[in-house]
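Protein chains in written order, with my numbering: chain A, 90 to 391; chain B, 90 to 391. Here a beta-carbon is modelled for each residue, glycine too, at the ideal position from N, C-alpha and C.
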């Protein structure tokens with residue numbers, strides 16, 4: 090039994106490779122890293138890694154996290170610049186008993202000391218996006234301009250269950266802004282006994298509900314991955330509406346130790362990729378229902 | 090009905106003042122800020138604010154968080170230098186829809202822009218601690234060398250419920266290290282309907298169990314504050330033991346919307362302060378039992 094689930098259409102190509110690794114017996118952590126590093130390295134995917142979206146000051150500042158559901162250990166970096174593959178830094182931090190979450194310059198020093206590749210993560214296209222934005226005043230910040238955080242959950246043949254996230258965060262964010270992606274329980278959580286979950290969207294909203302931990306907690310209490318995603322999302326959205334807010338922009342995925350998966354969203358359409366013994370499928374939550382995406386629909390998806 | 094609970098013996102004097110404010114009808118947030126700023130300003134309390142414990146490179150890097158249980162909004166700063174009262178920065182960030190969690194230089198810029206007082210947070214004593222430590226090689230890092238994170242939970246007459254935390258983090262931590270204190274769900278959580286919780290100890294352990302969110306989640310499901318603290322702590326410690334680890338160094342406090350409180354710890358003794366209509370009491374969890382501390386015992390407490 091193995092399975093992998095990842096956010097957004099952009100994850101499809103790399104999930105195919107990661108699924109192939111799992112099929113050959115690779116560990117869940119290797120599959121997560123394979124899927125995420127490919128996306129980080131692709132300059133055309135402008136919400137993650139190289140070519141990411143700059144902050145208000147024109148710097149591409151990256152967040153990433155990695156959690157091993159068997160040891161319950163995590164590693165994360167936040168607001169870090171110039172680390173070619175943030176997910177590799179997060180994974181290396183995951184084994185540590187102390188100092189497993191590092192911000193800013195400390196995260197960069199760690200990556201350099203560990204010999205991880207460094208690079209200028211800002212592309213010509215990143216800078217163009219930024220210059221356009223600063224020409225427009227009072228621009229309202231929002232996620233989902235193109236796509237968003239890549240979150241990957243993988244289960245391997247040995248019962249290993251791993252969660253990984255990587256993002257450049259909200260476009261035009263304030264310097265030092267940290268979203269949900271590197272925050273355990275909010276952007277990701279994994280417990281090999283009960284399941285794993287991760288979230289993408291506006292981090293400032295997701296963290297208020299600790300959505301990833303809540304989903305795993307519901308799975309611990311007997312909910313399926315799909316039930317847990319829906320219940321956690323519905324509860325939190327109800328609360329937001331009671332507070333006079335709108336539903337916001339949030340999407341979640343979950344993976345159970347039996348390989349079943351779930352997803353929920355406040356968007357009209359939330360695409361994600363699933364890989365398992367039957368192959369790799371591009372799916373979407375549309376009007377609250379999970380369906381496989383047809384060839385014709387692919388181009389229209391975010 | 091009003092109540093306040095705070096970690097460690099060091100919180101006793103400032104909780105007396107904060108309790109007085111609540112008695113006079115102040116908002117929970119004002120009580121939390123009163124209790125924490127006094128501790129931040131005291132150079133003799135070397136785990137929080139001015140005179141805090143330096144990181145490996147000799148810098149006093151501060152974490153703080155603030156959460157409003159009525160709006161479910163939070164604000165936090167992490168790995169920030171030179172902000173005289175980190176809790177004030179966290180509280181100011183709490184109202185923001187975007188960019189409410191800031192790391193490093195971004196947090197410092199925010200504080201400066203907001204006109205918050207800045208100062209060199211390193212005292213002669215901080216530097217002496219640091220010089221001694223770097224002379225000793227392979228020193229094992231541990232929390233509780235003296236005291237630790239100050240966490241304050243307050244309930245006001247209008248049902249307001251607020252959580253606040255402030256710390257200089259693990260002594261001799263790696264540059265950029267972030268503990269549980271500024272991480273929502275791990276170091277703190279507050280939901281005015283169900284309760285608030287906060288944690289102190291080794292952040293790298295606390296965050297793996299999202300202990301504060303778990304405690305509030307248990308209260309949501311009907312547990313009392315004390316039951317929730319014990320159940321969350323016992324479950325997580327059992328899991329750590331199954332993983333071949335020791336129980337670790339973790340302590341938690343909780344406050345229910347009816348003013349009842351709870352506490353649990355993996356230490357032999359964990360002192361905390363409680364204020365309510367009956368006055369302010371120094372209490373402790375000893376061998377799993379919460380008791381009021383006698384005059385003779387006070388001097389022996391951490």
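Between the alpha carbons of residue 238 of chain A and residue 341 of chain B lies a distance of about 32 angstroms. With 16 or more neighbouring CB atoms inside 10 Å of its own CB, residue 96 of chain B falls in the buried class. Sixteen is the threshold: when 16 or more other Cβ atoms of the shown chains lie within 10 Å of the Cβ of residue 265 of chain B, as they do, the residue is buried. Inclusion of residue 345 of chain B and residue 308 of chain B in the CB contact set at 8 angstroms is warranted, their separation being smaller than that value.
Put simply, of B/312, B/291, B/276 the residue whose alpha carbon is nearest the alpha carbon of residue 185 of chain A is B/291. Chain B has a Cβ within less than 8 angstroms of the Cβ of residue 267 of chain A. Nearest CB-CB separation between residue 341 of chain A and chain B: not below the 8 angstroms threshold.
Residue 318 of chain B is a Cβ neighbour of residue 351 of chain B, given a cutoff of 8 angstroms. Within the region 238–323 of chain A, the complete alpha helix (DSSP H) segments at least 4 residues long are 292–295, 300–309, listed from N- to C-terminus. In this structure, residue 347 of chain A sits away from residue 158 of chain A, with a CB-CB distance that is not shorter than 8 angstroms. Counted as a single uninterrupted DSSP element, the beta strand (DSSP E) harbouring residue 339 of chain B occupies residues 339–344. Under the rule that a run must span 4 or more residues, the alpha helix (DSSP H) segments found entirely inside the region 146–226 of chain B read 175–183, 193–202, 213–224. Shortest Cα-Cα distance from residue 91 of chain A to any of A/160, A/118, A/155, A/133 involves A/118.
Checking the DSSP bridge columns, you'll see residue 370 of chain A partnered with A/363. DSSP places residue 137 of chain B in the coil class of the three-state scheme, outside both helix and strand. Between residue 322 of chain A and residue 296 of chain A, the gap from beta carbon to beta carbon reaches 8 angstroms or more. Under the DSSP definition of a beta bridge, residue 350 of chain A partners with A/344.
Using a C-beta cut-off of 8 angstroms, the region 253–267 of chain A makes contact with the region 127–136 of chain A, since at least three inter-stretch Cβ pairs fall below that distance.
Nearest to residue 170 of chain A by C-alpha distance, out of A/162, A/179, A/150, A/163, is A/150.
Residue burial annotation: residue 329 of chain A is buried, with at least 16 other C-beta atoms found within 10 angstroms of its C-beta.
For residue 381 of chain B, DSSP records a beta bridge to B/372. Boundaries of the alpha helix (DSSP H) around residue 126 of chain B: 117–130. Closer than 8 angstroms to the CB of residue 389 of chain A there is not a single CB belonging to chain B.
Residues of chain B whose Cβ lies closer than 8 angstroms to the Cβ of residue 176 of chain A do not exist, since the nearest Cβ in that chain is about 18 angstroms away.
The DSSP-derived three-state label of residue 107 of chain A is helix.
One Cα belongs to residue 358 of chain B, the other to residue 369 of chain B, and the distance between them is close to 19 angstroms.
For residue 313 of chain A, the nearest beta carbon of chain B is not closer than 8 angstroms to its own beta carbon.
Across the structure, residue 349 of chain B and residue 130 of chain A are spaced so that their CA atoms are roughly 52 angstroms apart.
Nearest neighbour of residue 105 of chain A by Cα position, chosen from A/113, A/124, A/114, A/115, turns out to be A/124.
Per DSSP, the continuous beta strand (DSSP E) segment holding residue 95 of chain B begins and ends at 92–96. Using a CB distance below 7 angstroms, the part of the region 279–306 of chain A facing chain B consists of 293, 296, 297, 299, 302, 306, ordered along the chain. Comparing alpha carbon positions, the residue from B/302, B/334, B/240 closest to residue 320 of chain B is B/302. A residue is called buried once 16 or more other Cβ atoms fall within 10 Å of its Cβ, and residue 354 of chain B is buried on that count. The straight-line gap separating the alpha-carbon atoms of residue 200 of chain B and residue 207 of chain B is approximately 8 angstroms. Separation of residue 245 of chain B and residue 143 of chain B (C-alpha to C-alpha, rounded to the nearest whole angstrom) is 35 angstroms. Neighbourhood of residue 367 of chain A in chain B, by CB distance below 9 angstroms: empty, with the nearest CB roughly 33 angstroms away.
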